[in-house]
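Asker: Protein sequence lines, in the order shown, are assigned to chains A and B. Reading the first sequence from the start, the letters are residues 1 to 131 in my numbering. Reading the second sequence from the start, the letters are residues 1001 to 1384 in my numbering. Built from N, CA and C at the ideal position, the CB exists for glycine as well. Following this message is one structure expressed as structure tokens.
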Amino acid sequence: MTTPSRYWREIPQRYRLEANKCSKCGIKFFPPRLICPECKNRELEKTKIAETGKIITYTVIRVPPHQFVDQAPYAVGIVELDDGFKLTAQIVDCDFEDLKIGQKVRIEFRKIFDEGESGILCYGYKFVLDE
Amino acid sequence: MRDVAIIGVGMTKWGELWEKSLRSIFVETALLAFDDAGVDQIDSMYVGSMSSGIFVGQEHIASLLADYLGQVPVPSTRVESACTSGGLALRLGFMEVASGMSDVVLVSGVEKMTDCSGSEATYALGTAADQEYEGYHGITFPGLYALIARAHMEKYGTTREQMAMVAVKNHRNGAKNPLAQFQFEITVDSVLNSVMIADPLRILDCSPISDGAAAAIICPVEMARSMNKPIIKIIGTGHATDRIAISTRKDITWLEATYQAAKQAYAMADKKPEDINIFEVHDCFTIAEICVMEALGIVEKGKGGDAVEQGLTSLEGKIPVNPSGGLKSKGHPVGATGVAQVVEIVKQLRGEAGERQIKDARVAMAQNMGGSGGSTVVHIFERE
Ligand SMILES: [Zn+2]
């Protein structure tokens, strides 16, 4: 169950795609971290991840976890963004037959799932095909 | 460090055990290991369990199980590292005996997965992934391996049929294992026509939801000798982690934690992949067995599918992989899996594996992996 505070504290990343970048080796991290896993440097700059990229792998989920039961089947992919960062999210508004590795996509802000009558609505990023 | 031997193992038949509880499955299994070892008292115990809190709403099972095993007040530690909880329990027990802290230690694993609904079980398994950045987007445990599978097919030309052959081989072995959940053979066609779970993986690519436990008793080699036991030594151990979210790995098709853990175990045991007679590996999905073979150095990168197709990994092959039937056929009560691999290896090295016995096996490896490869434990064993 997502509580409002747990949801709220992820908003900078989920809504605004805030990330950070190692001032030494230049690698980007999303979500932001406190230490660079490559060079252990702790001086990190604020940045954002790119909003367009291409699919490097994908699947169609037919047996979903309970929060996603009303959405199945749905596609999920890993996309390599134009800045080299790789991200996992749903790929929506498409026929599954049109999905292929190398396909260009862009990020859009969407509802991810809701937690029923008394729960909160959970938003974030999804991919759509970018012709 | 003292040399450590396994002097007893225990396992009961795995499956959907409606009539049994978490504690009864565990105690029956541990007592079999006690009997096999000829002990009724231990100095310490480790229990691998991934998610008893979600599966049966029970935490603090280290004490619960020590109590029901009649061993209170011995120290008891529950170990969690997703699906490699059992392998890690063995490693920690090994360290405790090798260090001289304790002499006789029970290492075990248990999971009772059928006391909750299927979607709750799917959710529980999914918690091994990054909940905020993978799970939040609706990805499942099979879904993560499906992402790996499609990337492997694209990069190396691994085929859908080759993945199916992993399941066919493991069912052929499991049909000879009286403790396996599924003791029947399947065909490539039945895999390719089974229900789609997460494209391209179908239900017969996936290990099942299972109830079960496995246990082993370990002690210093010198003590085992004085008890006149066949000596199965633990000669190498390795443990490593990887980035938890698979998207953040440099190569999605490569299991770095498995590579790193194996490197440690090979070095400690002073063995190379070609010295190993039997591999028990973590085939939670068919593609996983292919990627694991590559990361263990059994085959070159990208050649795992070809090796299966050529029959190299069958019981009669040059490098038998998963003679027990693997997770696919034997079952996968997640926390117990890593210890069940050891049960199989001890039986094989003692020559007690019946119809699936591999002739003249002396050295064996167990590779047990957590979630989508975020943690891995590898052990090497040798019969004296
Ligand atoms: Zn850095």
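Sort M1050(B), D1043(B), S1085(B), R1202(B) by Cα distance to P1073(B) and report the nearest one.
Answerer: Against the second sequence, residue 1073(B) aligns to sequence position 73. The shortest Cα separation from P1073(B) among M1050(B), D1043(B), S1085(B), R1202(B) belongs to D1043(B).
Asker: Below 8 Å, how does it come out for the segment 1162 to 1169 of chain B and the segment 90 to 99 of chain A: are there three or more Cβ pairs, yes or no?
Answerer: no
Asker: If we ignore side chains and look at the alpha-carbon of each, how far apart do V1334(B) and S1226(B) end up?
Answerer: Translated into the one-based positions of the second sequence, residue 1334(B) becomes position 334. Translated into the one-based positions of the second sequence, residue 1226(B) becomes position 226. Roughly 35 Å between the two C-alpha positions.
Asker: So, does the segment 39 to 52 of chain A touch the segment 1202 to 1220 of chain B, judging by three or more C-beta pairs under 8 Å?
Answerer: no
Asker: Measuring CB to CB, does C1284(B) end up less than 8 Å from H1332(B)?
Answerer: Counting from one through the second sequence, the residue named residue 1284(B) turns up at place 284. Counting from one through the second sequence, the residue named residue 1332(B) turns up at place 332. Yes, Cβ-Cβ distance for C1284(B) and H1332(B) is below 8 Å.
Asker: So, helix, strand or coil for F1141(B), using DSSP?
Answerer: Here residue 1141(B) corresponds to residue number 141 of the second sequence, with the count starting at 1. Three-state DSSP puts F1141(B) in a helix.
Asker: Compute the minimum distance between the beta carbon of N41(A) and the heavy atoms of ligand 2, and state whether it is under 7 Å.
Answerer: Absent from the structure shown: ligand 2. Ligands present: ligand 1.
Asker: Measuring CB to CB, does E1384(B) end up less than 8 Å from I1231(B)?
Answerer: For the purposes of this step, residue 1384(B) is identified with residue 384 of the second sequence, where counting begins at 1. For the purposes of this step, residue 1231(B) is identified with residue 231 of the second sequence, where counting begins at 1. Yes.
Asker: What residue from T1313(B), Y1259(B), V1342(B), P1323(B) has the CA that sits closest to K1301(B)'s CA?
Answerer: As a position in the second sequence, residue 1301(B) is number 301, starting the count at 1. Ranking the options by Cα distance to K1301(B), first place goes to Y1259(B).
Asker: Report the option in P31(A), E10(A), K40(A) whose CA atom is closest to the CA atom of K24(A).
Answerer: Locating residue 24(A) in the first sequence gives position 24, where the first residue counts as 1. Looking at the Cα atoms, K40(A) is the closest of the given residues.
Asker: Taking three-plus beta-carbon pairs below 8 Å as touching, is the segment 1113 to 1133 of chain B in contact with the segment 1035 to 1042 of chain B?
Answerer: no
Asker: First and last residue of the alpha helix (DSSP H) that includes F1026(B)?
Answerer: In the second sequence, residue 1026(B) corresponds to position 26, counting from 1. First-last of the alpha helix (DSSP H) with F1026(B): 1022 to 1037.
Asker: Would you please verify whether the beta carbon of L87(A) is less than 8 Å from any beta carbon of chain D?
Answerer: This model lacks chain D altogether; the protein chains it does include are A and B.
Asker: Return yes when at least one heavy atom of ligand 1 lies under 7 Å from the C-beta of E131(A), else no.
Answerer: Translated into the one-based positions of the first sequence, residue 131(A) becomes position 131. E131(A) Cβ: outside cutoff for every heavy atom of ligand 1.
Asker: Roughly how many angstroms separate the alpha carbons of N1177(B) and W1014(B), rounded to a whole number?
Answerer: Position 177 of the second sequence, counted from the start, is the residue given in the question as residue 1177(B). Position 14 of the second sequence, counted from the start, is the residue given in the question as residue 1014(B). Answer to the nearest angstrom: the Cα atoms are 11 Å apart.
Asker: Taking just the CA atoms, how far does T52(A) sit from A1340(B)?
Answerer: For the purposes of this step, residue 1340(B) is taken as the residue at position 340 of the second sequence. For the purposes of this step, residue 52(A) is taken as the residue at position 52 of the first sequence. Distance between the alpha carbons of A1340(B) and T52(A) is about 46 Å.
Asker: Once DSSP output is grouped into helix, strand and coil, what is the label at N1228(B)?
Answerer: Looking up residue 1228(B) in the second sequence gives position 228. In the displayed model, N1228(B) falls within coil according to three-state DSSP, outside both helix and strand.
Asker: For G1404(B), which of helix, strand or coil comes out of DSSP?
Answerer: Residue 1404(B) is absent from the structure shown; chain B starts at 1001 and stops at 1384.
Asker: Out of G1093(B), S1076(B), V1056(B), which has the shortest C-alpha to C-alpha gap to D1003(B)?
Answerer: Within the second sequence, residue 1003(B) is the residue found at index 3, counting from 1. For the residues G1093(B), S1076(B), V1056(B), the minimum Cα distance to D1003(B) belongs to G1093(B).
Asker: Among F127(A), E10(A), V76(A), E38(A), which one has its Cα closest to the Cα of R62(A)?
Answerer: The count along the first sequence starts at 1 and reaches residue 62(A) at position 62. Considering only alpha carbons, the answer is V76(A).
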